[in-house]
Structures are given as structure tokens and as C-alpha cells.
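Asker: As they're listed, the protein sequences go chains X and S. Taking our numbering, the leading residue of the first sequence gets 1, the next gets one more, and so forth. Taking our numbering, the leading residue of the second sequence gets 142, the next gets one more, and so forth.
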Amino acid sequence: TVGAVAIDSSGNIAVATSTGGITGKLPGRIGDTPLVGAGTYADNLVGGVSTTGHGETIMKYSLAHDILKRIEFLGEDAQTATENSCKAMTDRLVGTAGAITIDRKGQVGISFTSKRMAWAYIKGTQLKYGIEQNQHQEETV
Amino acid sequence: IEPVVLVHGGAGDIPSERVEGKLVGVKLAAKVGYAKLRETGSVLDAVEEAVRSMELDPYFNAGYGSVLTTQGNVEMEASIMNGTTLRAGCCTLVKDIMHPISLARRVMKTPHNFLGGEGVMRFAAEEGFEIMDPPGQLVTDYAKEALEEWKEGQRRGEVEFARTEIGSSNKYSKSEVG
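#1: X/ASN44 versus chain S: which residues are under 7 Å apart at the beta carbon?
#2: Residues in the segment 235 to 249 of chain S with C-beta within 7 Å of chain X's C-beta atoms, listed in sequence order?
#3: How would you write the range of the alpha helix (DSSP H) that S/ARG247 sits in, first residue to last?
#4: Could you tell me the alpha carbon to alpha carbon distance between X/ILE58 and X/ALA97, rounded to whole angstroms?
#5: For the segment 80 to 96 of chain X against the segment 119 to 134 of chain X, are there 3 or more C-beta pairs whose distance is under 8 Å?
#6: Going along chain X, which residues have a C-beta under 7 Å from S/ILE272?
#7: DSSP beta-bridge partners for S/ALA110?
#8: Note down the Cα distance separating S/ASN254 from S/ILE238, rounded to an integer number of angstroms.
#9: Alpha carbons only, please: which of S/ARG296, S/TYR283, S/ARG297 is nearest the one belonging to S/GLU158?
#10: With a threshold of 7 Å on Cβ separation, who are the neighbours of X/ALA78 within its own chain once the five nearest residues in sequence on each side are excluded?
#11: At the 8 Å Cβ level, is X/THR23 part of the contact set with chain S, yes or no?
#12: Within 10 angstroms of its Cβ, does S/GLU196 collect 16 or more other Cβ (buried), or is it exposed?
#13: Which value, in whole angstroms, describes the spacing of the CA atoms of S/PRO199 and X/GLN137?
#14: Which residues bound the beta strand (DSSP E) around S/MET234?
#15: I'd like the span of the beta strand (DSSP E) that includes S/VAL165, first residue to last.
#16: Going by C-alpha to C-alpha distance, which of X/LEU45, X/ASN44, X/GLY24, X/ARG92 sits closest to X/LEU63?
What follows is the structure, given as C-alpha cells:
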């Protein structure tokens, strides 16, 4: 699965997610990616999220929506909400996943309970990226 | 607010030999998306372009490089959402189209949120999307190997989604979980 979240200087947010699914899936299987609230959600008033991982788990937890509701109602920042939601989902449903989030202030959240998740973002002249847990590398662009 | 373009290239037990290719791909996608945002000022354009970049890259499970069904076919899905209007475009069971994310964006122009199956393929044709002929051009050798590895595991009687392994593909190093 691949995904992207963007915010502009006016606070407009958009999210996109695309996938081939899961190896060995039955023909006709639908996962989380095309489901609003599971694989993708965007609301300028709160933020935007794209998710990836075990689709059957993500859709049962409505992961993208859950992250944004933590920001909206619990006052968590993007990173905290993304971490807490992914962990709570895996604790409850076992399946692993990851998510990327930008909140309405432009703060970034990146977290995953899977072994690895490739991610990158550009803010100003900084390109930050990683794939392992707690890996944050940086380049100037 | 400082503009940001943030991307991911999938989560799971990514094999070590795929790490470098994934990192190159996500860095490129972030750059492509950010350049598009600067060019057009549109966050929708930015996320679509970033995802299109990864749909072209066989290191990712989307577009060219998508994983396979039990029948050996590619069935893709995508969604896109505008946080300003809350309009969304979603598609599923998409076959033989290079960029499902662009098809999802086109669905935003309909009165509906979500099209799938035969209907979305008809919609794609009407909207002028190229439906690749002959079919199967999105299937990579790596995806075939991953499916064979997965089938071999099934033949050996392993239960892929045993409780402790949901979301993990470590018995099938080439497979992806979505």
C-alpha cells in the first residue's frame, strides 16, 4: 500500500491511498484502502490520515477516523494520536498497521506497529525519512 | 502553516533486500508531491502525484508491482479525500489500469463516493483511462514469486493468519499484507 497526505499554507488538507491488497487474497476481497475512515480521511478542521497494514484489522478499527477523533476530542497531537491509535488497535485486534498524519496545524505524525514502514516527508528544505522503528534520517533538499 | 507533503510506502515485514528500494521510492514520491504542490498550489494534485509516483514503482504494492490474488490476478483499490469539501473518491476491484488513484479522483466528480467491480471498469473506459490489453501487464515476477511462496505455505498446511501473526508476513518473505 502507498499513501500521501498534504497540507498547504492555508491549511487545506488532502489524502490519497492506493494498494494491490494482500498476497493470496480471494478474488473480490476489499480491504481498508478504499474505505473512507479506514484507509483514508481528511478534514481541514482536524487533519488528514493515510493508513497501511493488515486491512481486515484496520477496517474493523476505522483507524484513520480513530486517529483524527483522538486529535479532535482528546487534544492529542498528531504524533501521539497516531502512536496511541496504532498501538490500541494492535492490542485490541492483534493485527499490525501503520499510519501517517498531518494535523490542522501542520504537525506530522508517523507510527507503525508492523516491523517496518517506509515513510518520507518534505517541510521547507528538509526531507525526513525512515523505515525502521525510531529511524529518522534527514537531508536538505 | 508551512506546507508539508508526507508519504508512506507500506507497512509490514519488509524484507531487508527491499529496504533501499522502498526508501528511494518514498523520498522520490515526497519530492514529486512537493514539487506538484509548489507548481499548482493544490494539495489534491500533490497527493495524487505522490501516489502515482509509487504506483509506477515495482518496489511498492500498488499499480505496477501490486500483489496477486489466489488466481494470480491484480485487483487494486484506491481512495482520495479533500479535507476542504469532505468530498471523497474511492474505487475497488480495479484491473489493468496503471493509476487507480487517478481513477479514484475521477470518481469525486460523480454524485457517489465509491465505485467498484464491473461498474468502475465501465466508468474508467468512459472516462478515457487506458485499460491495458492484453491483461496482466501489472503482474511482476516478484509478485508471482510471492504468490508461489504463499501457496507453498498453504500446501504445507501453515495457517497464514494465525493469531500471533496477523499483519506479519515473516513466513512468506516476499508477500505483503496491504
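The beta carbon of each residue, even a glycine, is placed where N, CA and C say it ideally should be.
Answerer: A quick look at the data gives this:
#1: Against X/ASN44, the close residues of chain S are GLY224, THR225, in the order they occur along the chain (beta-carbon pairs closer than 7 Å).
#2: Within the segment 235 to 249 of chain S, the residues whose Cβ lies closer than 7 Å to some Cβ of chain X are PRO241, ILE242, listed in chain order.
#3: Looking at the DSSP string, the run of the alpha helix (DSSP H) that includes S/ARG247 is 241 to 248.
#4: If I take the Cα positions, the gap works out to 7 Å.
#5: No, the segment 80 to 96 of chain X is not in contact with the segment 119 to 134 of chain X.
#6: Those within 7 Å of S/ILE272 in chain X number zero; the least Cβ separation is about 17 Å.
#7: Since the first residue shown for chain S is 142 and the last is 319, residue 110 of chain S is missing from the structure and cannot be characterised.
#8: Looking at the two C-alpha atoms, the distance is approximately 19 Å.
#9: S/GLU158 has its Cα closest to that of S/TYR283, out of S/ARG296, S/TYR283, S/ARG297.
#10: Taking C-beta separations shorter than 7 Å and ignoring five residues to either side along the sequence, the partners of X/ALA78 in its chain run GLY47, ILE71, THR101, ILE102, ASP103, GLN107, VAL108, GLY109, following chain order.
#11: Yes, because at least one Cβ of chain S sits closer than 8 Å to the Cβ of X/THR23.
#12: Classification of S/GLU196: buried, given that the 10 Å Cβ count is 16 or more.
#13: When the Cα atoms are used, S/PRO199 and X/GLN137 turn out to be separated by approximately 23 Å.
#14: Per the sequence presented here, residue 234 of chain S reads as Leu, with Met not at that position. Taken as a continuous stretch (DSSP letters only), the beta strand (DSSP E) holding S/LEU234 covers 229 to 235.
#15: Taken as a continuous stretch (DSSP letters only), S/VAL165 belongs to no beta strand (DSSP E), being part of the alpha helix (DSSP H) at 157 to 181.
#16: It is X/ARG92 whose Cα lies nearest to the Cα of X/LEU63.
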